[in-house]
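Asks:
Protein chains: 2
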Amino acid sequence: MHFTSCARNIDSIEGLPALGIAGAGFGIGTIGYFFSHKKQTDSSTLEVTDVPKFQHDTSASNISDACKEFSHIVGSANVSTAAQDLLIHSGSDFQSYAWTPETATPGAAVVYPGSTEEVSKIVKVCHRRKIPITPYSGGTSIEGQYIPTMGGVAIDFTRMDRIIEVNPLDLDCTVQPGVGWQDLNHELASDDLFFPPDPGPGAQIGGMIGTGCSGTNAAAYGTMKDWVLSLTVVLADGTIIKTRQRPRKSTAGFDLTRSFVGSEGTLGLVTEATLKLAVKPKCEAVAVCTFPSIRAAANAVQSIISRGISVAAVEVLDEVQMRSINVAGLTKRKWTEQPSLFFKFTGSTDVIVEDSAKLVGKISEKHGSTSYAFAADADEREELWSARKNALWSMMAMRESPTDKVWTTDVAVPMSRLADIIEDSKRDIEQSGILGAILGHVGDGNFHSILLFPEEKRDIAEGVVHRMVEKAIAMKGTATGEHGVGLVKRDYLEKELGKATVDTMRMMKNAFDPLCILNCDKIVRMAPKI
Amino acid sequence: MHFTSCARNIDSIEGLPALGIAGAGFGIGTIGYFFSHKKQTDSSTLEVTDVPKFQHDTSASNISDACKEFSHIVGSANVSTAAQDLLIHSGSDFQSYAWTPETATPGAAVVYPGSTEEVSKIVKVCHRRKIPITPYSGGTSIEGQYIPTMGGVAIDFTRMDRIIEVNPLDLDCTVQPGVGWQDLNHELASDDLFFPPDPGPGAQIGGMIGTGCSGTNAAAYGTMKDWVLSLTVVLADGTIIKTRQRPRKSTAGFDLTRSFVGSEGTLGLVTEATLKLAVKPKCEAVAVCTFPSIRAAANAVQSIISRGISVAAVEVLDEVQMRSINVAGLTKRKWTEQPSLFFKFTGSTDVIVEDSAKLVGKISEKHGSTSYAFAADADEREELWSARKNALWSMMAMRESPTDKVWTTDVAVPMSRLADIIEDSKRDIEQSGILGAILGHVGDGNFHSILLFPEEKRDIAEGVVHRMVEKAIAMKGTATGEHGVGLVKRDYLEKELGKATVDTMRMMKNAFDPLCILNCDKIVRMAPKI
Numbered sequence: 000m001h002f003t004s005c006a007r008n009i010d011s012i013e014g015l016p017a018l019g020i021a022g023a024g025f026g027i028g029t030i031g032y033f034f035s036h037k038k039q040t041d042s043s044t045l046e047v048t049d050v051p052k053f054q055h056d057t058s059a060s061n062i063s064d065a066c067k068e069f070s071h072i073v074g075s076a077n078v079s080t081a082a083q084d085l086l087i088h089s090g091s092d093f094q095s096y097a098w099t100p101e102t103a104t105p106g107a108a109v110v111y112p113g114s115t116e117e118v119s120k121i122v123k124v125c126h127r128r129k130i131p132i133t134p135y136s137g138g139t140s141i142e143g144q145y146i147p148t149m150g151g152v153a154i155d156f157t158r159m160d161r162i163i164e165v166n167p168l169d170l171d172c173t174v175q176p177g178v179g180w181q182d183l184n185h186e187l188a189s190d191d192l193f194f195p196p197d198p199g200p201g202a203q204i205g206g207m208i209g210t211g212c213s214g215t216n217a218a219a220y221g222t223m224k225d226w227v228l229s230l231t232v233v234l235a236d237g238t239i240i241k242t243r244q245r246p247r248k249s250t251a252g253f254d255l256t257r258s259f260v261g262s263e264g265t266l267g268l269v270t271e272a273t274l275k276l277a278v279k280p281k282c283e284a285v286a287v288c289t290f291p292s293i294r295a296a297a298n299a300v301q302s303i304i305s306r307g308i309s310v311a312a313v314e315v316l317d318e319v320q321m322r323s324i325n326v327a328g329l330t331k332r333k334w335t336e337q338p339s340l341f342f343k344f345t346g347s348t349d350v351i352v353e354d355s356a357k358l359v360g361k362i363s364e365k366h367g368s369t370s371y372a373f374a375a376d377a378d379e380r381e382e383l384w385s386a387r388k389n390a391l392w393s394m395m396a397m398r399e400s401p402t403d404k405v406w407t408t409d410v411a412v413p414m415s416r417l418a419d420i421i422e423d424s425k426r427d428i429e430q431s432g433i434l435g436a437i438l439g440h441v442g443d444g445n446f447h448s449i450l451l452f453p454e455e456k457r458d459i460a461e462g463v464v465h466r467m468v469e470k471a472i473a474m475k476g477t478a479t480g481e482h483g484v485g486l487v488k489r490d491y492l493e494k495e496l497g498k499a500t501v502d503t504m505r506m507m508k509n510a511f512d513p514l515c516i517l518n519c520d521k522i523v524r525m526a527p528k529i
Numbered sequence: 000m001h002f003t004s005c006a007r008n009i010d011s012i013e014g015l016p017a018l019g020i021a022g023a024g025f026g027i028g029t030i031g032y033f034f035s036h037k038k039q040t041d042s043s044t045l046e047v048t049d050v051p052k053f054q055h056d057t058s059a060s061n062i063s064d065a066c067k068e069f070s071h072i073v074g075s076a077n078v079s080t081a082a083q084d085l086l087i088h089s090g091s092d093f094q095s096y097a098w099t100p101e102t103a104t105p106g107a108a109v110v111y112p113g114s115t116e117e118v119s120k121i122v123k124v125c126h127r128r129k130i131p132i133t134p135y136s137g138g139t140s141i142e143g144q145y146i147p148t149m150g151g152v153a154i155d156f157t158r159m160d161r162i163i164e165v166n167p168l169d170l171d172c173t174v175q176p177g178v179g180w181q182d183l184n185h186e187l188a189s190d191d192l193f194f195p196p197d198p199g200p201g202a203q204i205g206g207m208i209g210t211g212c213s214g215t216n217a218a219a220y221g222t223m224k225d226w227v228l229s230l231t232v233v234l235a236d237g238t239i240i241k242t243r244q245r246p247r248k249s250t251a252g253f254d255l256t257r258s259f260v261g262s263e264g265t266l267g268l269v270t271e272a273t274l275k276l277a278v279k280p281k282c283e284a285v286a287v288c289t290f291p292s293i294r295a296a297a298n299a300v301q302s303i304i305s306r307g308i309s310v311a312a313v314e315v316l317d318e319v320q321m322r323s324i325n326v327a328g329l330t331k332r333k334w335t336e337q338p339s340l341f342f343k344f345t346g347s348t349d350v351i352v353e354d355s356a357k358l359v360g361k362i363s364e365k366h367g368s369t370s371y372a373f374a375a376d377a378d379e380r381e382e383l384w385s386a387r388k389n390a391l392w393s394m395m396a397m398r399e400s401p402t403d404k405v406w407t408t409d410v411a412v413p414m415s416r417l418a419d420i421i422e423d424s425k426r427d428i429e430q431s432g433i434l435g436a437i438l439g440h441v442g443d444g445n446f447h448s449i450l451l452f453p454e455e456k457r458d459i460a461e462g463v464v465h466r467m468v469e470k471a472i473a474m475k476g477t478a479t480g481e482h483g484v485g486l487v488k489r490d491y492l493e494k495e496l497g498k499a500t501v502d503t504m505r506m507m508k509n510a511f512d513p514l515c516i517l518n519c520d521k522i523v524r525m526a527p528k529i
């Protein structure tokens, strides 16, 4: 028996505003604003105009009193208000945000905790005193993630740099946030293991989790999200939680681990991470192919991937980038200044590696590749791959003046649109008159542009970045493939994801951190843009 | 210059309760309880005793009026209050929860929407009327996920079964929640693509996302979390959001996609999913090895994995399970009744597949394997793998009476503890006197026990499951590897993750769904256990 409708005028019922309880709740919410920071409605989203105004207290006396408490927790040697320390924690030349030492707006203090318990105590002080917190580790992020726009206190994880345990049989390890990924891999090498995510040199696990980074290995191994098993996190009120134990697989409740990965310290501060590890491939090879055009290179990659051929990495460098490598001279070899694909192949036997490499060679040739350099020997491999590794530094050598700025940004699009957007962006860079190169994790539909310009041409660079991002979004891609959101990319999120989705993120942020003290106003604006 | 502490008695400052705003907020929260459902504190967690009492209205008149509205939205043919429909949506024999048709507590109505917009309208009605909602698709979950313990309305996604688009070049597709994974793979085969997660037959995308399922392919391809690019979700207040566009990689804000995967419909209802696809491997082979003991088999797997040898799947079946396959006779072959490993190998060439298979054969032999059957031919492969595929049904044939119950449960532990826990659990099953087999996704440290028993021995089965889960947790594993939490596993979460972590999940649930109408009280208890 199915229910038969006999209602009259149902539209009017459905069209009614949610009166009654929800309405009353809103009334109390308005009154409650003076007392509480969680908005009181029955809504699942939170608009920026409904976020209670921050009640941060960054007065000199409050900071000074807080620093006394911090000193008691971590020792006075680990609390700094020195101008140089504050400046280091206020930004860097690599920010896409227009940072300079002269215009920097440093925070008020830097605290260096040594343990999860100390972080919890520090956060409790800040929670009670309503002092904004900006987390810091490595300092290699480029979207303004650690710029202390709200003032307050930086928590620097430099001292928390221990590898706590490595479990080779379980293929996992537990580390503190201040461990660098390169140092970790150095340690793991003796067990023939490695941690795949490979962002810029100097990056540390804490920041890598915050950004949800990736790198060249993502084509085969995925991104940071895929390599974190469990996190110990200090929440905004100082509560310590651990998101998981150590099984490789679990469906035990909400995926808090992945909620924190990519949240840039806005939902909690990571103080310990259990990471998955991969077995170092027994055999490895590298190949470099040059192509007459970026499109030909992109087509070759599409063809390789759609045949299910396993490549450990595939990177594209455009002719400007290749020229810069020759100019900088950081590698021994002289390179053909044409769009090039850099491949990595790995496997448990030489046969497997060579078989994949052969297939890739054939497909590249079909797509017009004019040269194919292959290396299985360790030194030769290193030499070939060194061009890719030195790409950013090589571009730096192309600056016309040492005061020229560099703006590295990235977007990602569905694979089939990659050639279109790269071609478009290259044309746009050429027309802009500033120098720029394209460099891409082409296996993921993700690429970077590196722009060099004098400060007075910032608006031109900004225009190039803006148009590239708009194009990526129009192609059903993303404003940020692996660099996070920080400050500059915030205002693209609504366009990319829709207002309701951003309002959902804001609701989540507000639930985790009702006082908005954790890296407040990053990723999602918590106050209207002025 | 480092700050020097001159504070007296800081301990007492730090020890102060968070008075002032937080305290006053709590007061208002208590008053506000009558009007609003979001607790008003500055805390980042929510204890079960602080959740406002549900104000659900499941009165006959409210449901009847709601059904009139539903009929207006979806047509009266798509609203049912028929007893048989309600019973089907109240549970099944496969639940670990003690469900029988006689003791079932059905909900009050089932609604069958046809679009995202219809789901949003239905949810808005329920939100306004405070009617609990239980989502339903496929109905193959076994931890009680779709049992309508709060009464109210089931939303059944059967009609939303369209594959909306397949983008072969982008390796993605967009589908509605009522699409079965087997049907999807059938459609994708013509493009040489497939969707890797392979849970039980009959499962549909909506439920697979809810549970965060996996299956035999997880060893090589990961779980559901790794294969969802974007979700369209209807939130508790009817708001429609889309978590992402279609890039393979993105760091655009919080990972809402993965917040919903595994949340069992408690945070929102998935109405559309964009899924990543994999290229169907050109070449495939299957091998089966028998071992003198489970430990020898587990050691072989450990050895294979730690050498980085690529296997597409590796499953362990114990001797009870192998015997059941012979007894049931669902496969042609007569099997050795010993612990056995089932391997799948895939690759882009025969050479790659054979090379991996050879290595695995050698390692298995070293670990005492007494036989190694290998098949690359499609029919032979199918025949070998059929034993694994029919495992559950074969066990069903071992029931002494057709009214005997089956309880399938799973846990996961760090790889190195797998042999220990399987041996322990087998001993425990033997001592319990009930019939049980072990079957495992051994490459992930994840295994299932299948227990058969007459209803009057439920407490014995419960004891076995309880001890297995407790052991897994003690070994730093999880109470649930791939079946989700639902009802039965809820009370293990605090033990596994800690109280503060569960309180964080509860805070998140309350923020997304302040009226607790979406599959309320599943995963995380929202009311104290009575």
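If you're matching them up, the sequences are chains A and B in order.
In terms of numbering that gives the first Met the number 0, the first sequence is residues 0 to 529.
In terms of numbering that gives the first Met the number 0, the second sequence is residues 0 to 529.
Every residue, glycine too, gets a C-beta built ideally from N, C-alpha and C.
Taking beta-carbon pairs under 8 Å, can you tell me which members of the region 475–486 of chain B lie near chain A?
Replies: Per Cβ criterion, the list reads Lys475, Gly476, Thr477, Ala478, Thr479, Gly480, Glu481, His482, Gly483 and Val484.
Asks: Identify the continuous beta strand (DSSP E) that holds threonine 289 of chain A and give its terminal residues.
Replies: Per DSSP, threonine 289 of chain A belongs to the beta strand (DSSP E) from 282–289.
Asks: For the beta strand (DSSP E) that phenylalanine 194 of chain B lies in, which residues bound it at each end?
Replies: Looking at the DSSP string, phenylalanine 194 of chain B is not in any beta strand (DSSP E), and its letter there is neither H nor E.
Asks: 9 Å is my cut-off, CB to CB: does asparagine 216 of chain A come that close to chain B?
Replies: No - not a single Cβ of chain B is within 9 Å of the one on asparagine 216 of chain A.
Asks: Quick check on the burial criterion: 16 or more other C-beta atoms within 10 angstroms. Buried or exposed for leucine 268 of chain A?
Replies: The residue is buried, with at least 16 neighbouring Cβ atoms inside 10 Å.
Asks: Nearest by alpha-carbon distance to threonine 115 of chain A: which of A:Ile163, A:Ser75, A:Gly106 and A:Ser79 is it?
Replies: Closest by alpha carbon: A:Ile163.
Asks: Hey, is serine 42 of chain A's beta-carbon within less than 9 Å of any beta-carbon in chain B?
Replies: By this cut-off, serine 42 of chain A is an interface position.
Asks: Within 9 Å (strictly less), CB to CB, does serine 262 of chain B reach chain A?
Replies: Yes, because at least one Cβ of chain A sits closer than 9 Å to the Cβ of serine 262 of chain B.
Asks: Compare the beta carbon distance of aspartate 502 of chain B and threonine 238 of chain A with 9 Å and say whether it is the shorter of the two.
Replies: Contact flag set, yes.
Asks: Which residues in chain A have a C-beta closer than 7 Å to the C-beta of aspartate 236 of chain B? List them in chain order.
Replies: In chain order: Asp41, Ser42 and Ser43.
Asks: If you draw a straight line from the alpha carbon of asparagine 509 of chain B to that of aspartate 490 of chain B, how long is it in whole angstroms?
Replies: Going by the C-alpha atoms only, they are around 19 Å apart.
Asks: At least one CB of chain A closer than 9 Å to the CB of isoleucine 522 of chain B: is that the case?
Replies: Answer yes: the Cβ-Cβ gap between isoleucine 522 of chain B and chain A drops below 9 Å somewhere.
Asks: Taking Cβ positions, are proline 196 of chain A and methionine 159 of chain A nearer each other than 9 Å?
Replies: Not closer than 9 Å, so no.
Asks: Does the distance from the C-beta atom of threonine 139 of chain A to that of glycine 199 of chain A stay below 9 Å?
Replies: Yes, the pair counts as a contact, with Cβ atoms nearer than the cut-off.
Asks: Could you spell out the range, first to last residue, of the beta strand (DSSP E) harbouring asparagine 439 of chain B?
Replies: Here the sequence assigns glycine to residue 439 of chain B, which means asparagine is not the residue at that position. Note, glycine 439 of chain B: beta strand (DSSP E), 434–440.
Asks: Using CA atoms only, rank isn't needed, just tell me which of B:Ala272, B:Glu263 and B:Asn216 is closest to lysine 241 of chain B.
Replies: The shortest C-alpha separation from lysine 241 of chain B is found at B:Ala272.
Asks: Are the CB atoms of serine 43 of chain B and aspartate 423 of chain A nearer to each other than 9 Å?
Replies: For serine 43 of chain B and aspartate 423 of chain A, no; Cβs fall outside 9 Å.
Asks: Where do the ends of the beta strand (DSSP E) carrying asparagine 445 of chain B lie?
Replies: Counting along the chain, the beta strand (DSSP E) containing asparagine 445 of chain B begins and ends at 445–452.
Asks: Do you know offhand how far aspartate 254 of chain B's Cα is from asparagine 518 of chain B's?
Replies: Cα-Cα distance, rounded: 22 Å.
Asks: If I measure Cβ to Cβ from tyrosine 371 of chain A and keep anything under 8 Å in the same chain, skipping five residues before and after, which residues do I get?
Replies: Answer for tyrosine 371 of chain A: Ala286, Val287, Cys288, Gly360, Ser363 and Glu364, listed in chain order.
Asks: For aspartate 354 of chain B, go through chain A and note every residue whose CB falls closer than 7 Å to its CB, in chain order.
Replies: Within 7 Å Cβ-Cβ: Thr348, Val350 and Ile351.
Asks: Taking C-beta pairs closer than 9 Å, name the residues in chain B that phenylalanine 511 of chain A reaches, listed in chain order.
Replies: Per Cβ cutoff of 9 Å: Ser43, Thr503, Met506, Met507 and Ala510.
Asks: Using a Cβ cut-off of 7 Å, pull out every chain A residue sitting near glutamate 399 of chain B, in sequence order please.
Replies: What glutamate 399 of chain B touches in chain A: nothing, since even the nearest Cβ is about 32 Å away.
Asks: Please determine, among B:Leu450, B:Gln430 and B:Ser431, the residue with the shortest C-alpha to C-alpha distance to isoleucine 437 of chain B.
Replies: Nearest C-alpha to isoleucine 437 of chain B: B:Leu450.
Asks: With DSSP run on the structure shown, which of helix, strand or coil describes lysine 241 of chain B?
Replies: Note: lysine 241 of chain B maps to strand in three-state DSSP.
Asks: Could you work out which residue in B:Phe53, B:Val152 and B:Ala103 is closest to asparagine 77 of chain B when comparing CA atoms only?
Replies: That would be B:Val152, whose Cα lies nearest to the Cα of asparagine 77 of chain B.
Asks: Quick test of your reading: proline 413 of chain A and lysine 470 of chain A, contact by CB under 8 Å. State the CB separation rounded to the nearest angstrom.
Replies: Not quite, the Cβ-Cβ distance comes to about 13 Å (not below 8 Å), so this is no contact.
Asks: Can you say whether valine 441 of chain A is buried or exposed, counting buried as having 16 or more other CB atoms within 10 angstroms of its CB?
Replies: Buried, by the Cβ-count rule.
Asks: I need the straight-line Cα distance from lysine 456 of chain B to alanine 97 of chain B, nearest angstrom please.
Replies: About 12 Å.
Asks: Put cysteine 66 of chain A into one of helix, strand or coil per three-state DSSP.
Replies: Helix at cysteine 66 of chain A.
Asks: Report the residue from A:Lys279, A:Thr477 and A:Ala108 whose alpha carbon sits nearest the alpha carbon of alanine 65 of chain A.
Replies: With distances taken between Cα atoms, alanine 65 of chain A lies closest to A:Ala108.
Asks: 9 Å is my cut-off, CB to CB: does threonine 242 of chain A come that close to chain B?
Replies: Closer than 9 Å: yes.
Asks: Phenylalanine 259 of chain A and tryptophan 226 of chain A: beta carbons closer than 9 Å?
Replies: No; because the gap between Cβ atoms is not below 9 Å, this pair is not in contact.
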